[in-house]
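> One structure, as structure tokens, below. Some questions next.
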Amino acid sequence: MKLSNVWHSIQFKLTVSFLVILLPLVVVSVIANVYSQRMMYDQITERTRGALLTALEYVDQLTKNIEQQSLLISSNPEIVNVWMEADDPLNLQYLYDMRMIQQQLSALISVNPAVREAFIVHGQSGSGISTLQGGVKWKEIGEEQWFQDALEANGGLSVYMPDAAQLNESRYLEEGYIYYARLLDVFNSNSQDNVLVIVIDKHALNTVVQHLQTSEHIKTSLLYLDQLVLTSNSTVQSSNNMFSIEESNGIWSIQMEQPQSELFKQPYYLELMTYLIIMISILLALCLAWLVYSEISKPMRKLFGAIKLFSGGHLLANIKHGRKDEFGLLMDAFNRMAESQRKLIEDDYEKELKLARSEFSLLQSQINPHFLYNTLDSIYSVADKHQIKEIGEMVLNLAQFFRFSLGKGKETFTLEETIQHLMYYIRVQQIRTDQFTVEMDIAEDTKPIPVLKLLLQPIVENAIVHGICKSSYGGDLYIRARLIDGFLRITIEDTGCGIAENELTEIKQELQKINAHSYRYIQEKEFSKYFGLKNVVSRMKMYYGNQAEMTIDHNAMGGTRVTVTLPIERDEPA
Numbered sequence: 000m001k002l003s004n005v006w007h008s009i010q011f012k013l014t015v016s017f018l019v020i021l022l023p024l025v026v027v028s029v030i031a032n033v034y035s036q037r038m039m040y041d042q043i044t045e046r047t048r049g050a051l052l053t054a055l056e057y058v059d060q061l062t063k064n065i066e067q068q069s070l071l072i073s074s075n076p077e078i079v080n081v082w083m084e085a086d087d088p089l090n091l092q093y094l095y096d097m098r099m100i101q102q103q104l105s106a107l108i109s110v111n112p113a114v115r116e117a118f119i120v121h122g123q124s125g126s127g128i129s130t131l132q133g134g135v136k137w138k139e140i141g142e143e144q145w146f147q148d149a150l151e152a153n154g155g156l157s158v159y160m161p162d163a164a165q166l167n168e169s170r171y172l173e174e175g176y177i178y179y180a181r182l183l184d185v186f187n188s189n190s191q192d193n194v195l196v197i198v199i200d201k202h203a204l205n206t207v208v209q210h211l212q213t214s215e216h217i218k219t220s221l222l223y224l225d226q227l228v229l230t231s232n233s234t235v236q237s238s239n240n241m242f243s244i245e246e247s248n249g250i251w252s253i254q255m256e257q258p259q260s261e262l263f264k265q266p267y268y269l270e271l272m273t274y275l276i277i278m279i280s281i282l283l284a285l286c287l288a289w290l291v292y293s294e295i296s297k298p299m300r301k302l303f304g305a306i307k308l309f310s311g312g313h314l315l316a317n318i319k320h321g322r323k324d325e326f327g328l329l330m331d332a333f334n335r336m337a338e339s340q341r342k343l344i345e346d347d348y349e350k351e352l353k354l355a356r357s358e359f360s361l362l363q364s365q366i367n368p369h370f371l372y373n374t375l376d377s378i379y380s381v382a383d384k385h386q387i388k389e390i391g392e393m394v395l396n397l398a399q400f401f402r403f404s405l406g407k408g409k410e411t412f413t414l415e416e417t418i419q420h421l422m423y424y425i426r427v428q429q430i431r432t433d434q435f436t437v438e439m440d441i442a443e444d445t446k447p448i449p450v451l452k453l454l455l456q457p458i459v460e461n462a463i464v465h466g467i468c469k470s471s472y473g474g475d476l477y478i479r480a481r482l483i484d485g486f487l488r489i490t491i492e493d494t495g496c497g498i499a500e501n502e503l504t505e506i507k508q509e510l511q512k513i514n515a516h517s518y519r520y521i522q523e524k525e526f527s528k529y530f531g532l533k534n535v536v537s538r539m540k541m542y543y544g545n546q547a548e549m550t551i552d553h554n555a556m557g558g559t560r561v562t563v564t565l566p567i568e569r570d571e572p573a
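Set out below in structure tokens:
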């Protein structure tokens, strides 16, 4: 089907109509899906940001608590004065004081479970006291970078988280800990190099991030001044497919990463379901359009087929249906129209048939005078030439021929009677020309079969006059009859001069135009081209129907072969 025809087809218009109706629903569904995903994304982002801010507030509060604790210790006069007066805190004379200071430190840090240890370093002697180890001697403590940073902070809180390189340089720092350091005398009134250090175990901060770990694929990282403090899941690798959000208070920051496919799993399912519903809706619309089109096209095809049959000459075309809709009314109207047309055609056909039969009778009567003229001419020629007794025989055969042709007013005779009638004519021609012989081969089972009167005589006449007589050497005439598959097949063959190929082709084309309804061929005048053959075929088709055939061909002897095939069961022309 051409593209222009597709655009104008009912099926295409129905499909487009259903899709246009479906289009607003699809657009609304897509917009609603996008909007809901956006809302869900914003809600997840806000909820995650709130959780991160809560965790960040906890870390910030922890830092403030440590800062307050360190400030309380470093500003305690009892502790500060002891360390200012001692040249070495580990001397025996300060043993009691060190014991008391250790207890005070332990009491202060016990309220904060995140604190692992607290110790005070005496910068001048390198000695100190620890809540875990008691008295400690730190050699060359002044060379430690973290110690120098604490002194340079001049009373401010210094936070130190050693990395791998710093751990190699330091004798006293350990991995996995955060060190908060400040001068023991926060106001540094006496410029003593005594430093208070509070140690936080990084793992104690896991509680900050663990409650954010709702999935094994989530990675939560805690940073101090952009330096990684700890991460909850180091096996998770960052990628472009990760949902990442970070909150910071300027010092501490917390970052959470989670695969988008996991975080937006439900929105993805919702999106998938939305598009699936859209696809199903489109398919249903197409199927519905096809079903509606089928309900329309099926009766249309039935109606079109009936119209095609009727226009092709099948006058009995009728549509059987049980429909009660508009198509049923249309089919009923067609049936009534076809019935009316059929009656009109049959009435007209009957009129034409009567006219054709009367014209055939006239044409049939014209054959005998035509032959009579030729025969009389033959008698004259023989008498003039030979003046012998053959004239008597010729006249006798001529009389028998006319008696048979005009006798009893019958339309048909048996094949045996027809052959006998032909022999009268053939004998006249043999006497006239003395140029040919005749050979008959008639099967016994064909002799009783009725044959239309004068059907074979024009064919035999053509074989003699236009075939054998035009040959310089005369010739032979063969007439055969056989019963084959319910058909009588009569072959008339001569060894005369034959027919030119172009003329034979023209004869075949003219005869093929004749059928049982070609009445006007019989109205041609006697002198028209191929009148005799056309007359025979027209009468044969008219009487026997279109099953009757006549073929003309060359034979192997150089002459012409005419084969007439007649049905045994005669069909009334329709």
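Residue 0 is where the sequence shown starts when you use numbering that gives the first Met the number 0, and the numbers rise one by one after that. The C-beta atom is built at its ideal place from N, Cα and C for all residues, glycine as well. Here the structure is a predicted model, which means the values were calculated and not measured.
(1) At what residues does the beta strand (DSSP E) containing R560 begin and finish?
(2) Exposed or buried, Y372, counting other C-beta atoms within 10 Å across all chains shown (16 or more means buried)?
(3) Between L89 and G134, is the Cβ-Cβ spacing less than 8 Å?
(4) Return the CA-CA distance between T417 and E443, expressed in angstroms with no decimal places.
(5) Name the one or two DSSP bridge partners that F242 has.
(6) Classify I218 as helix, strand or coil using the three-state DSSP reduction.
(7) Where Q102 and I72 are concerned, what is the direct C-alpha to C-alpha distance, given to the nearest angstrom?
(8) For D41, does the three-state DSSP call read helix, strand or coil?
(9) Rounded C-beta distance between T213 and M255? I'm assuming under 8 Å.
(10) Give me, in chain order, the residues of the same chain whose beta-carbon lies closer than 6 Å to that of F118; leave out the 5 immediate sequence neighbours on both sides.
(11) Can you tell me whether P457 is buried or exposed? The criterion is at least 16 other CB atoms within 10 Å of its CB, across all chains shown.
(12) According to DSSP, F118 sits in a beta bridge with which residue or residues?
(13) Could you pull the start and end residues of the alpha helix (DSSP H) that Q419 belongs to?
(14) Can the beta-carbon of N461 be found less than 8 Å from the beta-carbon of G558?
(15) Can you list, in chain order, the residues of its chain whose CB lies under 7 Å from that of K524, leaving out five sequence neighbours each side?
(16) R481 bridges to which residues according to DSSP?
(17) Just reading off the beta strand (DSSP E) that S470 is part of, what are its end residues?
(18) Could you have a look at A573 and say whether DSSP puts it in helix, strand or coil?
(19) Check each candidate in N75, L166, I177 and name the one with the smallest Cα separation from R115.
(20) Evaluate contact between the stretch 304–315 and the stretch 277–296, counting only Cβ atoms and requiring at least three cross-stretch pairs below 8 Å.
(21) For the stretch 45–55 against the stretch 308–321, do three or more pairs of beta-carbon atoms, one drawn from each stretch, fall closer than 8 Å, so that the two count as touching?
(22) Are the Cβ atoms of M541 and T494 separated by less than 8 Å?
(23) Please report the straight-line C-alpha distance between I108 and E66, rounded to a whole angstrom.
(24) With distances taken Cα to Cα, identify the nearest neighbour of T14 among Y529, C286, C468, D96.
(25) Whose C-alpha, out of T550, I498, I467, is nearest the C-alpha of I489?
(26) Determine the closest residue to S470 out of L454, I448, I498, with distance taken between C-alpha atoms.
(27) Check S16 in the structure and name its three-state DSSP category.
(28) Looking only at C-alpha atoms, which of V208, L156, Y179 sits nearest to E56?
(29) With 16 other CB atoms within 10 Å as the buried threshold, where does E143 fall?
(30) When we look at the beta-carbon of K323 and count the other beta-carbons within 10 Å, is it buried (16 or more) or exposed?
(31) In its own chain, which residues sit with a C-beta less than 8 Å from the C-beta of G485, not counting the 5 before and 5 after it?
(32) Just the Cα atoms here: how many angstroms apart are L314 and A332?
(33) Assign H420 to one of two classes, buried (16 or more other C-beta atoms within 10 Å of its C-beta) or exposed (fewer than that).
(34) Using a Cβ-Cβ cut-off of 6 Å (strictly less than) and excluding sequence neighbours within five positions of N317, which residues of its own chain qualify?
(35) Taking the DSSP output, what are the residues bridged to A180?
(36) Would you mind sorting Y543 into buried or exposed? The rule is 16 or more other CB atoms within 10 Å of its CB.
Looking at the coordinates:
(1) 559–566
(2) Note that Y372 scores 49 on pLDDT, short of 50, meaning its location in the model is unreliable and no value can be drawn from it.
(3) yes
(4) 14 Å
(5) Q257
(6) Sequence inspection shows Lys at residue 218; the Ile mentioned does not correspond to that position. If DSSP states are grouped into helix, strand and coil, K218 belongs with the strands.
(7) 12 Å
(8) helix
(9) Actually they are not in contact, since the Cβ atoms of T213 and M255 sit about 10 Å apart, beyond 8 Å.
(10) G127, S129, V196
(11) buried
(12) S129, V196
(13) 414–432
(14) no
(15) Annotation note: pLDDT 45 at K524 (below 50); position unreliable, coordinate value reported separately. Taken in chain order, the list of residues that qualify is empty.
(16) R488
(17) Segment: none, S470 is in no beta strand (DSSP E) and carries neither H nor E.
(18) Residue placement at A573 is poorly supported in this model, since its pLDDT is 44, which falls under 50; the coordinates still yield a value, given next. Coil, per DSSP.
(19) I177
(20) no
(21) no
(22) no
(23) 12 Å
(24) C286
(25) T550
(26) I498
(27) helix
(28) V208
(29) buried
(30) exposed
(31) P566, I567, E568
(32) 15 Å
(33) buried
(34) N334
(35) S157, V196
(36) buried
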